[in-house]
Amino acid sequence: MAGWPAAAFLRGSVAAYALVNAAHIMGIGLLFGAIATLDLRLLGAFPGHPVAHLGPPLRRAAAGGLALAAGTGLLLFTTRPLAYAANPAFLAKLGLVAFGLLNVALLTRGRHWRAALAGAPVHPAVQGAALASLLAWAGAILAGRWIGFLQ
Amino acid sequence: MGLHRTGTRLGAARLALALALALGSAGAAAHHGWSWAEGEQTELRGTIREVYVGPPHPTLRVEAADGRIWTVELGNPRLTANSGFTTESARAGEAVTALGNRSRNPEERRLKAVRITVRDRTYDIYPDRIRGS
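Residue numbers (numbering that gives the first Met the number 0), protein chains in the order written: chain U, 0 to 150; chain Z, 0 to 132.
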């Protein structure tokens, strides 16, 4: 991986690295902004705005942010794969991201989520998943920020 | 290079440990400034295990005589390039001498180099900070 042409290019160009790094932050911002808004709605905030209206666009925006963050994250990882793979903060971040993805996969397969989208009151199971989601993504950002302090 | 953490499953205890480790070293804000490092300069001799020249921060990983791995921070990419040091200047397995300021935290094996010597060539990363040479 370290030998990929993109990895060599990023190692050699501060401008390209900064660009990919900035895009990574944009992806994280889009992901967290959208998912936190949706999670807070499920937990009771913004009651005047139905989950049926907010849910689909916020999920799509979060998925777009995730794709951007994951793609740029992979590029950044390739600049120094062995060092990142040995970094506890990086491993914690991957674990939290995996937990966040598992959480949303389980949530959206359940009938309580479909009921909430159909306008029913939000079931406590959905609220639990919303809280777990908030903590997982916030934790992933914290762990991600810590990578540089252990590198 | 020595990878000590190769596990793939990340249990809750391990996660907590990782975060605790991360928070525990919060005193050393990596790279930036000198306040986290000792005022005295230290000379570290060892064998290079990894050479990384590039953004965000050029770094050597160096195995000391006692087998412990040190992180030797070079300058930012511009300062490192100005010193003449490039990816081609050193390779894993070669001997290196690094002069610089080590972390105030004795648990942390991290040195911010002002000068490194490899293949009999000297690279002055922070020429105005080099003392006692």
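Cβ atoms here follow ideal geometry from the backbone N, Cα and C, with glycine treated the same way. Since we're looking at a predicted model, the values are computed, not measured.
Neighbourhood of residue i by C-beta distance below 7 Å, restricted to the same chain and skipping five residues each side
i: Met0(U); result: Ala6, Thr77 and Pro80
i: Thr5(Z); result: Confidence is the limiting factor: at Thr5(Z) the pLDDT is only 37, short of 50, which leaves the residue's position unreliable, though a coordinate-based value still follows. Same-chain partners within the cutoff: there are none.
i: Gln150(U); result: Ala82 and Asn86
i: Gly111(U); result: According to the sequence displayed, residue 111(U) carries His and not Gly. The answer, listed in chain order, is His122, Ala124 and Val125.
Proximal residues to residue i (C-beta, below 6 Å), its chain only, five neighbours per side dropped
i: Lys111(Z); result: Ala36, Glu72, Gly99 and Asn100
i: Ala25(Z); result: Caution is warranted here: a pLDDT of 43 is assigned to Ala25(Z), below 50, making its placement in the model unreliable, and the coordinate value is therefore given only provisionally. Cβ within range, chain order: n/a, list empty.
i: Ile129(Z); result: Val113 and Arg114
Chain Z contact for residue i (CB, 8 Å cutoff)
i: Thr78(U); result: yes
i: Tyr16(U); result: yes
i: Ala139(U); result: no
i: Trp3(U); result: no
i: Ala60(U); result: no
i: Val96(U); result: no
i: Val13(U); result: yes
i: Ala68(U); result: no
i: Gln126(U); result: no
i: Ala135(U); result: no
Sub-8 Å separation of residue i and residue j beta-carbons
i: Arg48(Z); j: Arg108(Z); result: no
i: Ala22(U); j: Ala60(U); result: no
i: Leu37(U); j: Leu18(U); result: no
i: Ala135(U); j: Leu95(U); result: yes
i: Gly64(U); j: Leu29(U); result: yes
i: Thr58(Z); j: Gly92(Z); result: no
i: Ala129(U); j: Leu42(U); result: yes
i: Met25(U); j: Leu93(U); result: no
i: Leu106(U); j: Val125(U); result: yes
Residue-chain proximity (residue i, chain U), Cβ-Cβ < 8 Å
i: Gly53(Z); result: yes
i: Pro135(Z); result: The question about residue 135(Z) has no answer, for chain Z in this structure spans 0 to 132.
i: Glu106(Z); result: no
Counterpart residues of residue i in DSSP-defined beta bridges
i: Gly45(Z); result: Ala63(Z) and Val95(Z)
i: Arg109(Z); result: Thr70(Z)
i: Thr116(Z); result: Thr96(Z) and Thr121(Z)
i: Ser34(Z); result: In the DSSP output, where bridge partners are listed per residue, Ser34(Z) has none listed.
Same chain, Cβ closer than 8 Å to residue i, neighbours up to 5 away in sequence not counted
i: Thr96(Z); result: Glu42, Leu43, Arg44, Ile115, Thr116 and Val117
i: Ala64(Z); result: Arg44 and Gly45
So, does the stretch 74 to 82 of chain Z touch the stretch 94 to 102 of chain U, judging by three or more C-beta pairs under 8 Å? Counting Cβ pairs under 8 Å, fewer than three are found: no touch.
Sufficient close CB pairs (3 or more, under 8 Å) joining the stretch 84 to 93 of chain U to the stretch 134 to 149 of chain U: Taking 8 Å as the limit for Cβ pairs, the verdict is that the stretch 134 to 149 of chain U does touch the stretch 84 to 93 of chain U.
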